[in-house]
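The next block holds one structure in the form of structure tokens; read it before the comments.
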Amino acid sequence: MSGEPDGERVIAGRYRLLSPLGEGGMGTVWRARDELLRREVAVKEVRAPAGLPQADVGRMYARLEREAWAAARISHPNVVTVYDVATDGGRPWIVMELVRGLSLADLLDAEGPLEPGRAALIGAEVLAALRAAHAAGVLHRDVKPANVLLANDGRVVLTDFGIARVEGSEALTMTGEVVGSPEFLAPERALGRTPGPASDLWSLGVLLYAAVEGVSPFRQDTPLSTLRAIVDDELPPPHRAGALGPVVEGLLRKDPAGRLPADQAERELRLVGAGGTPSGGPRTGAAPFGAYAPTVVARPGAPGGARAVYYKNKR
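Now the structure itself:
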């Protein structure tokens, strides 16, 4: 990296940073110009927190590279397109399509809770992206409103695969750790168990609940109490969800084997979006998940503070 002002920085001799688009748990996303192809792009930068051990810095950069690898292997209109991974200053920078619009988190902040039909249509597009990712062997692991972009052209785009896990890849977290936004974690992840596609479906259920109710269902004052609520507490009944309620409740079953299958959930979300009423019926033979109290350890200097905390369950 050079000492040039932000607006004059050029990454890898090609990508000129123009202005920041947003901050997240893994760094900053910039609006930039590809000087070679003469087009605007989005460039993701990671800044390691001061004092973070070098081993953790290396793991952080490996996650960033894996984000590009994960997203680049998914070809779907609801998944952000990755163009390049540039190396500059000894670290990787991800170059992506520039999606003009705003995030679902921004929309909720500006307008408040959504009507069930509108939330259902957004959720159906996110679920289409997740199904494409899962078919490619990719788990997103951080589905939340800030990572859903509502493009000016009408697309709903899932972005930020920075903590995604690719099937067959080496795990980059230490044994027992869980990475993600606490209030959106599935119970099995809060307990340190191996996640699967159903874990992303739980996170989508939390997103939909928050979109129509105005608050996520298990949020508490601390990360520890939030995780305990996710594992132990009953789902607070949604009051504004209307026809979307059965789908939300179907996605938020504690037992991952009892959650709505992705194909059924997408069909029912589109049905609600069109003004219909879904069944949301449970799978037969779904067993109760049970209650466990994990021991949570927040690692000092974890990137993104409370939005990307590391947890270790009691063994």
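Be aware that the sequence shown starts at 0, since it is given in numbering that gives the first Met the number 0, and climbs by one per residue. Every residue, glycine too, gets a C-beta built ideally from N, C-alpha and C.
Output needed for residue 129: all residues of its chain with C-beta closer than 6 Å, excluding positions within five of it in sequence on either side, in chain order. Result list for residue 129: 199, in chain order.
Cβ-Cβ distance between residue 41 and residue 100 below 8 Å: No, Cβ-Cβ distance for residue 41 and residue 100 is not below 8 Å.
Three-state secondary structure assigned by DSSP to residue 296: The predicted position of residue 296 is uncertain, since its pLDDT is 32 and thus under 50; no value can be drawn from it.
In terms of residue numbering, what span does the beta strand (DSSP E) encompassing residue 102 cover? Residue range 100 to 102 is occupied by the beta strand (DSSP E) that includes residue 102.
Could you have a look at residue 39 and say whether DSSP puts it in helix, strand or coil? DSSP, reduced to helix, strand and coil, places residue 39 within a strand of the structure shown.
When you compare only the Cα positions, how much space is there between residue 44 and residue 16? In a straight line, the C-alpha of residue 44 is about 10 Å away from that of residue 16.
For residue 225, count neighbouring C-beta atoms within 10 Å of its own C-beta (all shown protein chains included) and say buried if the count is 16 or more, exposed if not. Label assigned to residue 225: buried.
Can you say whether residue 238 is buried or exposed, counting buried as having 16 or more other CB atoms within 10 angstroms of its CB? The C-beta of residue 238 has fewer than 16 other C-beta atoms within 10 Å across all chains shown, which makes the residue exposed.
What does the Cβ neighbour count give for residue 156, buried or exposed, with the cut at 16 atoms within 10 Å? Result: buried.
Could you check where the alpha helix (DSSP H) with residue 225 kicks off and where it finishes? Run containing residue 225: 222 to 231, per the alpha helix (DSSP H) assignment.
Opening and closing residue of the beta strand (DSSP E) in which residue 33 lies: In the DSSP assignment, residue 33 falls within the unbroken beta strand (DSSP E) covering 26 to 33.
Taking Cβ positions, are residue 182 and residue 218 nearer each other than 8 Å? Yes, Cβ-Cβ distance for residue 182 and residue 218 is below 8 Å.
From the DSSP output, which residues share a beta bridge with residue 91? DSSP output for residue 91 lists 86 as bridge partner(s).
My guess is that residue 216 and residue 234 are in contact by the Cβ rule of under 8 Å, so how many angstroms apart are they, rounded? Contact flag correct, Cβ pair sits at about 6 Å.
What residue range does the beta strand (DSSP E) around residue 149 cover? 147 to 150 is the extent of the beta strand (DSSP E) around residue 149.
Per the DSSP calculation, residue 157 is bridged to which residue(s)? Paired residues: 78, 147.
For the alpha helix (DSSP H) containing residue 58, list its first residue and its last residue. Residue 58 -> alpha helix (DSSP H) spans 53 to 71.
On the CB-based measure, 16 or more other CB atoms within 10 Å of its CB, does residue 277 come out buried or exposed? Per the 10 Å Cβ criterion, buried.
Grouping DSSP H, G and I as helix and E and B as strand, with all else coil, what is residue 202? Assignment of residue 202 by DSSP, reduced to helix, strand and coil, places it in the helix class.
Buried versus exposed, by CB contacts within 10 Å (16 or more), residue 264: Buried: at least 16 other Cβ atoms inside 10 Å.
How should residue 144 be labelled, buried or exposed, when 16 other C-beta atoms within 10 angstroms of its C-beta is the threshold for buried? Counting Cβ neighbours within 10 Å, residue 144 comes out buried, since at least 16 surround it.
Alpha carbon to alpha carbon, how far is residue 22 from residue 267? Residue 22 and residue 267 have their C-alpha atoms roughly 33 Å apart.
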